[in-house]
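This report refers to the structure that appears directly beneath it.
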Amino acid sequence: MSYALATERQLQTVPFQQPQQLLTFSYTPDHELEFTDSALRYYVDPPAGADLRYGYDRWIKRPEERGRLDSLLRAVCRTRQKLNSGAADSSDWLRSIGIVSWRGVMTKILTAPYEERDGWELNVMLFGDTFYFEEHSSDDRVAERNTQTANQRLQSYYGYSFESYCTSSSPNRVNLPGHVDGWGGDVDTNVQWCSVVKTKLANTRLLIGGEVDCVRDRYTKKTDTFVELKTSLTIRHAQDEARFEKKLLKFYFQSFLLGVPEIIVGFRSPQGRLGTIQRFKTVEIPRMVRGKPGAWDPVKCLDWGKRFIAFLQSIVTPLLLEEHSTEQLVPVWRVKFTPGTGVTIALLDKAGVDEVRAGEDRIGFLPKWYVDEIHS
Ligand code: A3P
Ligand code: MG
Ligand code: MG
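173 is the number that UniProt numbering gives to position 173 of the sequence shown; each next residue is one higher, with no gaps.
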């Protein structure tokens with residue numbers, strides 16, 4: 001049995017609360033999570049005409065993997081311990097959170113009404129009063145992402161190289177000896193600085209985590225100085241412009257969801273030569289694209305997001321604590337999005353749940369340690 005929800009319909013304005021930061025964490029070069037700001041970077045202007053191919057052969061590239069929630073769940077536990085221990089009553093803070101998700105997944109959900117090409121799949125569980133979303137990628141899909149062509153790999157390096165030129169370990173550029181001017185250090189995609197925020201879409205509180213590229217001038221422990229860095233091909237004619245305006249939808253929601261107020265786009269040549277830099281205020285982007293050929297309206301996305309949540313709430317059954325034993329079938333739901341159509345949802349069978357667990361110590365896709373901690 002599967003249920004369907006279509007993306008098209010009349011719009012309603014849906015409120016979205018300004019995201020509030022709960023905590024940050026860093027991944028070290030060994031990709032170990034630590035609750036520090038060791039991976040925090042500061043924005044600096046990149047050198048004019050920078051060569052984005054620089055350092056390509058020294059890129060330490062983290063392999064693609066399943067989009068597990070584990071790090072975010074560690075952040076949830078840490079926040080919960082802090083907030084519950086200070087609370088006057090014994091109510092659990094986590095019960096107020098409707099959804100726990102990585103920012104990338106929420107971006108895909110909210111931009112679905114305008115997505116014409118790429119479908120996606122999610123695994124969904126309801127544990128306590130909270131939905132957990134995990135991007136579903138089959139083993140084949142993960143393997144596919146690890147076998148990019150040389151050119152795809154280079155194009156994606158340009159984005160990271162731009163991040164290196166635009167960031168420094170201090171608010172002022174520190175020139176690194178033995179490197180080209182303005183280089184911020186060799187790219188290691190194991191290292192990331194992440195922010196976890198709380199926000200609210202209509203009546204549902206969301207807890208969202210995502211990577212933040214850098215901050216401008218100083219870190220305030222809030223999201224107000226966050227900066228998102230992007231690269232894009234230089235715009236040459238009207239068709240390129242419409243394509244860029246469409247891309248802005250993803251840039252917009254990616255930043256909006258974490259409360260990132262500023263996006264800096266480096267336009268580049270196909271060969272990786274940096275051209276002009278353009279600074280966007282996130283809140284102004286919807287107005288900029290209104291009435292243009294690649295136009296979109298965030299109201300449509302938020303309205304869809306609200307209906308998507310209501311749809312899940314009407315169908316998904318909770319994980320009951322007695323069902324912990326792996327003998328029992330754990331309720332894990334699979335949401336499938338088809339561009340231009342909408343989503344369907346269906347309960348996974350035993351083989352599906354086994355695939356999601358992937359032989360690991362998990363209940364559905366939630367780590368056993370997490371379920372034990374929340375349950376206790
Ligand atoms: P660009 O977006 O500038 O091309 P993010 O912009 O989210 O901080 O990601 C940093 C870089 O990671 C991107 O830079 C791009 O090079 C690479 N990247 C992110 N998502 C990707 C995807 N879905 N496919 C390929 N590369 C991706
Ligand atoms: Mg990033
Ligand atoms: Mg970026």
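No residue lacks a Cβ here, since even glycine has one placed at the ideal position from N, Cα and C.
Buried or exposed by the 16-neighbour rule on C-beta atoms within 10 Å, applied to residue i
{"i": "H375", "result": "exposed"}
{"i": "N123", "result": "buried"}
{"i": "T147", "result": "exposed"}
{"i": "L320", "result": "exposed"}
{"i": "P29", "result": "exposed"}
{"i": "P15", "result": "exposed"}
{"i": "E262", "result": "buried"}
{"i": "D303", "result": "buried"}
Spatial neighbours of residue i in its chain, beta-carbon cut-off 8 Å, leaving aside the 5 residues before and after
{"i": "residue 378", "result": "Absent from the structure is residue 378, since the part of the chain shown begins at 1 and ends at 376."}
{"i": "Y114", "result": "K246, L249, W296, K300 and C301"}
Helix, strand or coil at residue i [DSSP, three-state]
{"i": "N123", "result": "strand"}
{"i": "K246", "result": "helix"}
{"i": "D51", "result": "strand"}
{"i": "Y56", "result": "helix"}
{"i": "T231", "result": "strand"}
{"i": "W93", "result": "helix"}
{"i": "S164", "result": "helix"}
{"i": "K292", "result": "coil"}
{"i": "V356", "result": "helix"}
{"i": "Q278", "result": "strand"}
{"i": "P367", "result": "strand"}
{"i": "R74", "result": "helix"}
{"i": "E284", "result": "helix"}
Sequence-distant residues of its chain with Cβ nearer than 7 Å to residue i (five each side left out)
{"i": "K250", "result": "T107 and T111"}
{"i": "N272", "result": "The residue asked about is misnamed: residue 272 is Gly in this sequence, not Asn. Once the five neighbours on either side are set aside, the close Cβ partners of G272 are D51, L52, R53 and Y158."}
{"i": "Y56", "result": "L154 and Y157"}
{"i": "D188", "result": "P29 and I60"}
Cutoff 6 Å; reference residue i; Cβ partners in own chain excluding five residues on either side
{"i": "L83", "result": "W93"}
{"i": "W336", "result": "This sequence places Lys at residue 336; Trp is not what is there. E121 and T344."}
{"i": "F127", "result": "L319"}
{"i": "L207", "result": "I97, V100 and K198"}
Answer yes if the region 82 to 89 comes into contact with the region 311 to 320, meaning at least three C-beta pairs across the two stretches below 8 Å, and no otherwise. no
Counting Cβ pairs, one atom from each stretch, are 3 or more of them under 8 Å apart for the region 12 to 26 and the region 60 to 69? no
Does the pairing of the region 218 to 232 with the region 66 to 80 give three or more beta-carbon distances under 8 Å? no
Report all residues for which the CB-ligand distance to some heavy atom of ligand 3 is below 5 Å; order them along the chain. D213 and L229
contact_flag[the region 161 to 173, the region 41 to 49] where n(CB pairs < 8 Å) is 3 or more: yes
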